[in-house]
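Asker: Pasting a structure here, questions to come.
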Amino acid sequence: MDGVAASHLITFLGGGGNAPYTSCEVAGVPGGAGTLAVDFSKLDDPAAHDPRVGVLGGSYGGQIQFAAAATDSRVDTLVSLITWNDLRYSLAPNSTAQTTGVTYANQTPGAEKIGWRVLFFGVGIADGIQGAGIDPARNVGCPNFVLQACQAKATLDTLGYPTEQTYELTDRVSVGHYLDRVRAPTFLIQGQNGTLFFRDWVKYTGTATPAYRTASSYHVEAPRSYYLSGAGDLVSNPGAVKSGSVSWSNPGLGAIGTYSEVCGLEGQIPAGTLPPDATAPYDAPGTMGAWTTQPLTTDASVVGVATLNVTFTSPTVAATQAAGPARQLQVFAKLYDVAPDGSETLVNRLISPVRLADVTKPVHLEMPGIVHLAAVGHHLQQVLSSTDAAYKNAYSVQPVTVTANPEAPVTLRIPVHPTSR
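Here you go:
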């Protein structure tokens with residue numbers, strides 16, 4: 010629908026419509042902008058009502074560009090900022106059971122990213138209400154949204170995970186669904202916090218080359234392996250693994266024990282409004298498990314995606330998981346940098362939500378992709394939390410244990426590279 014609507018607008022800009030326009034003025038509104046003059050003489054192809062069209066926008070304004078270019082070849086260029094590739098993953102991610110990119114449809118659904126969902130619908134509905142005087146049709150049904158979108162929201166709010174109908178809707182409006190039909194030159198802009206291409210500890214002026222370096226080829230090193238040991242250690246030698254276990258549980262009833270971020274509002278709270286550490290990430294004791302390395306003996310940079318191969322033990326979940334996703338185990342995985350004074354850094358506040366189809370089977374988890382300098386003397390810490398404030402959390406109580414076994418070590422692989430400042 011977005012692409013078709015944009016195609017009609019392109020035809021209008023190219024002088025198409027019920028009459029052979031040669032000029033046009035679109036009137037403004039009282040107290041608003043003035044008239045917009047459109048010069049229909051500057052066309053790539055007057056017969057096809059083909060104007061010279063470039064599109065710029067972020068988030069949804071980025072998605073609609075791809076929809077327009079996939080529908081209409083008259084779009085000449087795109088400049089898309091911070092948009093989504095697969096909305097199925099963006100709104101309900103699951104960082105396991107991925108077969109193609111981040112797509113996991115028709116497998117175990119992820120956890121609803123409730124913070125972003127509330128922000129997205131709240132802003133959209135408010136905009137629809139404010140614009141009712143211009144276009145009253147926007148408030149028919151669900152203000153500013155198609156009815157199916159609000160139905161999907163209600164389902165997510167109730168269940169905490171997407172249904173097949175929600176998958177189908179979010180797939181249709183995902184760039185990944187129609188990217189192969191886009192032929193227009195595209196300048197894709199993403200934020201530094203969402204990429205792997207900058208070393209933010211390197212200071213520079215002018216060109217950013219010192220921060221990302223250049224090379225004739227990309228050197229790939231094998232990830233550094235660590236092994237869960239005892240009651241909270243990460244060791245680099247599998248022979249040093251000691252027997253032990255770490256147990257935790259979520260509070261139940263959707264309550265949270267972990268805070269990572271508030272989805273789009275970080276940095277927007279005025280300075281001095283809250284105590285300095287009021288919005289720092291935290292994990293409540295008893296609601297998470299943690300395993301920590303010895304102090305690093307050299308500076309090291311983490312570049313890429315850390316992975317964890319682990320088996321969980323949860324008889325309660327195993328006995329009820331056949332009832333559906335609401336009864337399946339939820340875990341939130343993340344990697345901390347812990348300073349000698351105990352202060353923790355959750356790089357860019359990134360975490361990986363996971364929902365397990367079968368808690369009795371081994372699982373491969375993927376941590377967020379990051380670039381981060383871990384300084385000498387610091388520790389790396391693997392954390393598995395039962396909840397997170399940015400997501401819809403389990404209503405059933407889910408006690409869980411991870412056991413360190415010297416005969417079959419739980420393996421964490423971190424893409425750590427020796428580095429210098």
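Numbering (my numbering), first residue to last: 10 to 430. Virtual Cβ for every residue (Gly too), placed ideally from N, Cα, C. A quick note: this is a predicted structure, and the numbers were derived from the prediction, not measured.
My assumption, with CB atoms under 8 Å, is that PHE75 sits in contact with VAL182. Please give the rounded CB distance.
Answerer: Within the sequence shown, residue 75 is the residue found at index 66, counting from 1. Within the sequence shown, residue 182 is the residue found at index 173, counting from 1. So it is not a contact: roughly 10 Å between Cβ atoms.
Asker: Quick one, are the C-beta atoms of PHE196 and LEU87 less than 8 Å apart?
Answerer: Translated into positions along the sequence shown, residue 196 becomes position 187. Translated into positions along the sequence shown, residue 87 becomes position 78. In contact: PHE196 and LEU87 (Cβ atoms closer than 8 Å).
Asker: Which value, in whole angstroms, describes the spacing of the CA atoms of ALA399 and ALA289?
Answerer: Position 390 of the sequence shown, counted from the start, is the residue given in the question as residue 399. Position 280 of the sequence shown, counted from the start, is the residue given in the question as residue 289. Distance between the alpha carbons of ALA399 and ALA289: 14 Å.
Asker: When the Cβ atoms of the region 139-146 are set against those of the region 87-103, are three or more pairs found closer than 8 Å?
Answerer: Verdict: no, contact absent.
Asker: Which stretch, first to last residue, makes up the beta strand (DSSP E) that contains GLU353?
Answerer: Translated into positions along the sequence shown, residue 353 becomes position 344. Counting along the chain, the beta strand (DSSP E) containing GLU353 begins and ends at 353-355.
Asker: Kindly indicate the opening and closing residues of the alpha helix (DSSP H) around LYS162.
Answerer: Mapped onto the sequence shown, residue 162 falls at position 153. Taken as a continuous stretch (DSSP letters only), the alpha helix (DSSP H) holding LYS162 covers 156-168.
Asker: Thinking just about the alpha-carbon of each residue, which of GLY313, ALA57, PRO324 is nearest to the one in GLY378?
Answerer: Within the sequence shown, numbered from 1, the residue matching residue 378 stands at position 369. Out of GLY313, ALA57, PRO324, GLY313 has the C-alpha closest to the C-alpha of GLY378.
Asker: Taking the straight line between their C-alpha atoms, what separation do you get for GLU177 and THR369?
Answerer: Along the sequence shown, one-based indexing puts residue 177 at 168. Along the sequence shown, one-based indexing puts residue 369 at 360. One C-alpha to the other measures close to 30 Å.
Asker: Please list the terminal residues of the continuous beta strand (DSSP E) segment that includes VAL319.
Answerer: Indexing the sequence shown from 1 puts residue 319 at position 310. Here the beta strand (DSSP E) through VAL319 covers 316-319.
Asker: Would you mind giving the Cβ-Cβ distance between ILE265 and ASN402, rounded to the nearest angstrom? I have them listed as a contact below 8 Å.
Answerer: To locate residue 265, count along the sequence shown from 1; it is residue 256. To locate residue 402, count along the sequence shown from 1; it is residue 393. Sure, about 6 Å apart at Cβ, within 8 Å.
Asker: With 16 as the cutoff for other CB atoms within 10 Å, does LYS212 come out buried or exposed?
Answerer: The sequence position of residue 212 within the sequence shown is 203, counting from 1. Counting Cβ neighbours within 10 Å, LYS212 comes out exposed, since fewer than 16 surround it.
Asker: Along the chain, where does the alpha helix (DSSP H) that runs through PRO2 open and close?
Answerer: Any question about residue 2 goes unanswered here, given that the chain covers just 10 to 430.
Asker: For the ligand ZN, is there any heavy atom lying closer than 7 Å to the beta carbon of PRO334?
Answerer: Ligands displayed in this structure: none; no statement on the ligand ZN is therefore possible.
Asker: DSSP on GLN391, reduced to helix/strand/coil?
Answerer: In the sequence shown, residue 391 corresponds to position 382, counting from 1. GLN391 falls in the strand class under three-state DSSP.
Asker: Tell me GLY341's beta-bridge partners as DSSP assigns them.
Answerer: For this step, residue 341 is matched to residue 332 along the sequence shown. Residue identity check: residue 341 is Phe in the sequence provided, not Gly. According to DSSP, PHE341 bridges with PRO362, SER394.
Asker: If we ignore side chains and look at the alpha-carbon of each, how far apart do VAL13 and ALA77 end up?
Answerer: Residue mapping note: residue 13 aligns to position 4 of the sequence shown, counting from 1. Residue mapping note: residue 77 aligns to position 68 of the sequence shown, counting from 1. The alpha-carbon atoms of VAL13 and ALA77 are separated by roughly 7 Å.
Asker: Using the rule of at least 16 other Cβ atoms within 10 Å of the residue's Cβ for burial, across every protein chain shown, is ALA56 buried or exposed?
Answerer: Position 47 of the sequence shown, counted from the start, is the residue given in the question as residue 56. Exposed is the call here.
Asker: Tell me which same chain residues have a C-beta within less than 6 Å of the C-beta of LEU359, skipping the five on either side of it?
Answerer: Indexing the sequence shown from 1 puts residue 359 at position 350. Once the five neighbours on either side are set aside, the close Cβ partners of LEU359 are PRO377.
Asker: For THR316 and ILE423, I'd like the C-alpha separation in whole angstroms.
Answerer: As a first step, residue 316 is located in the sequence shown; it is residue number 307 there, counting from the start. As a first step, residue 423 is located in the sequence shown; it is residue number 414 there, counting from the start. Their Cα atoms are separated by approximately 7 Å.
Asker: Quick one: Cα of LEU237 to Cα of GLN407, how far?
Answerer: Within the sequence shown, the letter at position 228 stands for residue 237. Within the sequence shown, the letter at position 398 stands for residue 407. Cα to Cα, LEU237 sits roughly 21 Å from GLN407.
Asker: Examine chain C for any beta-carbon lying closer than 8 Å to the beta-carbon of LEU421, and answer yes or no.
Answerer: No chain C appears in the structure shown, which is made up of a single protein chain.
Asker: Using the Cα positions of ARG364 and ASP350, report the straight-line distance between them to the nearest angstrom.
Answerer: Here residue 364 corresponds to residue number 355 of the sequence shown, with the count starting at 1. Here residue 350 corresponds to residue number 341 of the sequence shown, with the count starting at 1. Those two C-alpha atoms are separated by around 34 Å.
Asker: Express the C-alpha separation of PRO260 and ASN246 in angstroms, rounding to a whole number.
Answerer: Along the sequence shown, one-based indexing puts residue 246 at 237. Along the sequence shown, one-based indexing puts residue 260 at 251. Rounded to the nearest angstrom, the two C-alpha atoms are 35 Å apart.
Asker: Along the chain, where does the alpha helix (DSSP H) that runs through LEU178 open and close?
Answerer: As a first step, residue 178 must be located in the sequence shown, where it is residue number 169. First-last of the alpha helix (DSSP H) with LEU178: 173-181.
Asker: The alpha helix (DSSP H) with SER99 in it runs from where to where?
Answerer: If you number the sequence shown from 1, residue 99 lands on position 90. That run of the alpha helix (DSSP H) goes 96-100.
Asker: Should GLU121 be labelled buried (16 or more other beta-carbon atoms within 10 Å of its own) or exposed?
Answerer: Locating residue 121 in the sequence shown gives position 112, counting from the first residue. Flag for GLU121 reads buried.
Asker: So, under 8 Å CB-CB, ALA342 and HIS387 are touching, yes? Tell me the CB distance rounded to an integer number of Å.
Answerer: Numbered from 1 along the sequence shown, position 333 holds the residue referred to as residue 342. Numbered from 1 along the sequence shown, position 378 holds the residue referred to as residue 387. Not quite, the Cβ-Cβ distance comes to about 20 Å (not below 8 Å), so this is no contact.
Asker: From this set, THR410, THR218, GLN72, THR420, which residue's C-alpha is nearest THR325's C-alpha?
Answerer: Position 316 of the sequence shown holds residue 325. Considering only alpha carbons, the answer is THR410.
Asker: Determine the direct distance from the alpha carbon of ASP209 to that of ARG430, and round the result to whole angstroms.
Answerer: By 1-based counting over the sequence shown, the position of residue 430 is 421. By 1-based counting over the sequence shown, the position of residue 209 is 200. Residue placement at ARG430 is flagged as unreliable, the pLDDT there being 47, under the threshold of 50; a coordinate-derived value is accordingly withheld.
Asker: Specify, as a first and last residue, the run of the beta strand (DSSP E) that VAL244 falls within.
Answerer: What you label residue 244 is simply residue 235 of the sequence shown in a count that begins at 1. Segment 242-244, the beta strand (DSSP E) holding VAL244.
Asker: From ILE143 to THR354, what distance separates their C-alpha atoms?
Answerer: If you number the sequence shown from 1, residue 143 lands on position 134. If you number the sequence shown from 1, residue 354 lands on position 345. Each residue's alpha carbon lies about 47 Å from the other.
Asker: In terms of alpha-carbon separation, which member of LEU389, VAL380, GLN174, THR329 lies closest to TRP300?
Answerer: Position 291 of the sequence shown, counted from the start, is the residue given in the question as residue 300. The residue with the shortest Cα to Cα distance from TRP300 is LEU389.
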